[in-house]
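> A single structure is presented below for examination.
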Amino acid sequence: MKSSVAALAALALCPAAAQAQDWQFQASLYGWFPALDITLDTPRGQVDASYSIQDVLDNLSGALMGTFEARTGRWGFFGDLFYSDLSPTEKTPFGQVFSEAKVETKLTMFSGYAAYRVWDTPQGTFDFAGGFRAFWLNTDTTLRSDVVPDQHFSSDNSWVDPIVAARAMVNINDQWFVTALADGGGYFDGSSSTWQIYGAVGYRFNPTWSMQFGYRYMNIEKELGGNDTSLALSGPLIGVSARF
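Structure below.
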C-alpha cells in the first residue's frame, strides 16, 4: 500500500517537474555598426547630418547592445537593449554666422516583446509579438561661430511607443539558418513612430553557442517640444548567442 501511494505521488509530481524544466533561455551580445542620418529642429533652424559607418565609429564614445529571451511552450518573452553615445561635428546651413554644429546624441532603447509561436516545425518557426519600445534620448547641440557667441541647445526626453512584430527562422540544415524580424508602432496623432527590419544568416557551433551576421535598419520619428526629430540607423550587425 505504501509503495502504491509513493508511486502515485511520484506520478503527480512529474508534470510539475517537467513544466518547471520547460523554460528555455537565450542571451546574446551583439555589435551593430550603423550609418546615421539625423534631422533636428533647433530655434535657429533645421540641422541635417549624415554619417557613414566610419564616421560613427570615429565619433563613438560608448555603446552597449544585447538581447535576452525566455520561452516556455508556444509563449516567449524577449528584450533588446541598445545604448550609444555619439559626438560628431557637422557643417551648418547657416552661412558665415555659424560654421559648425556639434551634436552629442545619447540614445538608449529597450524593446520588450511578448510573442506567440504560430508555427513550430523542424524546418523553422514563426512568431507574432506585441510589446513596446522605450526611448531615452539626450541631445546637446552647439552652434560654433567666429562672429557671434556660440549657441547651445539641450534636449532630454523619454517616451514609450507600442509596437507589433513578426519574427521568422528557417533552418537550412543542422548548422545554418536564416532569421528575420520586422516591427513597427507609434501613435496615430503622428507625435512619435518607430519601425525596424532585420535579416541575418546564422551558424550553430553546438546546441549552446551560435552566431549571426546580418543587416538592420531602424527609423525613429518624434516631436520633442514642438520640434521634429528624426533618426535613421542602418548597417551590418554581428552577434553571439548562448542558449541554456
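Here the numbering used here runs 300 ahead of the position in the sequence shown, where the first position is 1. Cβ coordinates follow ideal geometry from the N, Cα and C atoms, glycine included. Source: prediction; values computed, not measured.
With distance defined between alpha-carbon atoms, name the residue in Ser-411, Leu-360, Asn-457 and Gln-324 nearest to Pro-334.
Position 34 of the sequence shown, counted from the start, is the residue given in the question as residue 334. Residue Leu-360 is the option with its Cα nearest to Pro-334.
> Of the residues Phe-428, Gln-324 and Thr-529, which one's Cα is nearest the Cα of Tyr-286?
For the chain, the structure presents residues 301 to 544; residue 286 sits outside this window and is missing.
> Exposed or buried, Arg-374, counting other C-beta atoms within 10 Å across all chains shown (16 or more means buried)?
Here residue 374 is taken as the residue at index 74 of the sequence shown, counted from 1. So Arg-374 counts as exposed.
> Using the rule of at least 16 other Cβ atoms within 10 Å of the residue's Cβ for burial, across every protein chain shown, is Phe-488 buried or exposed?
Working through the sequence shown from its first residue, we reach residue 488 at position 188. Phe-488 is exposed by the Cβ-count criterion.
> On the three-state DSSP scale, how would you describe Ile-353?
Here residue 353 refers to the residue found at position 53 of the sequence shown. In the structure shown, Ile-353 sits in a helix (DSSP, three-state: H, G or I).
> Which two residues bound the contiguous beta strand (DSSP E) that contains Asn-527?
In the sequence shown, the residue the question calls residue 527 occupies position 227. 527-543 is the span of the beta strand (DSSP E), which, as asked, contains Asn-527.
> Is the beta carbon of Asn-471 sitting closer than 8 Å to the one on Gln-423?
The residue labelled residue 471 in the question sits at position 171 within the sequence shown. The residue labelled residue 423 in the question sits at position 123 within the sequence shown. The answer is yes: Cβ separation under 8 Å.
> Does the CB of Gly-486 have a neighbour CB from chain D at under 8 Å?
In the displayed structure, chain D is absent; only one protein chain is listed.
> Using DSSP with H/G/I as helix, E/B as strand and the rest coil, what is Asp-380?
Within the sequence shown, residue 380 is the residue found at index 80, counting from 1. Strand at Asp-380.
> Grouping DSSP H, G and I as helix and E and B as strand, with all else coil, what is Asn-506?
For the purposes of this step, residue 506 is taken as the residue at position 206 of the sequence shown. Three-state result, Asn-506: coil.
> Is the beta carbon of Asn-457 sitting closer than 8 Å to the one on Leu-437?
In the sequence shown, counting from the first residue as 1, residue 457 sits at position 157. In the sequence shown, counting from the first residue as 1, residue 437 sits at position 137. The answer is yes: Cβ separation under 8 Å.
> Just to confirm, are Tyr-351 and Leu-364 a CB contact at a threshold of 8 Å?
For the purposes of this step, residue 351 is taken as residue 51 along the sequence shown, with counting starting at 1. For the purposes of this step, residue 364 is taken as residue 64 along the sequence shown, with counting starting at 1. No, Cβ-Cβ distance for Tyr-351 and Leu-364 is not below 8 Å.
> Helix, strand or coil for Asp-358 per DSSP?
Translated into the one-based positions of the sequence shown, residue 358 becomes position 58. Three-state result, Asp-358: helix.
> In the DSSP output, which residue or residues are listed as bridge partners for Gly-424?
For this step, residue 424 is matched to residue 124 along the sequence shown. Thr-421 and Val-470, per the DSSP bridge assignment.
> Give every residue of the same chain whose Cβ lies closer than 6 Å to the Cβ of Ser-530, excluding the five residues on either side of it in the sequence, and list them in chain order.
Your numbering for residue 530 matches position 230 in the sequence shown. Closer than 6 Å at the Cβ level, and outside the excluded window around Ser-530, lie Thr-339 and Glu-521.
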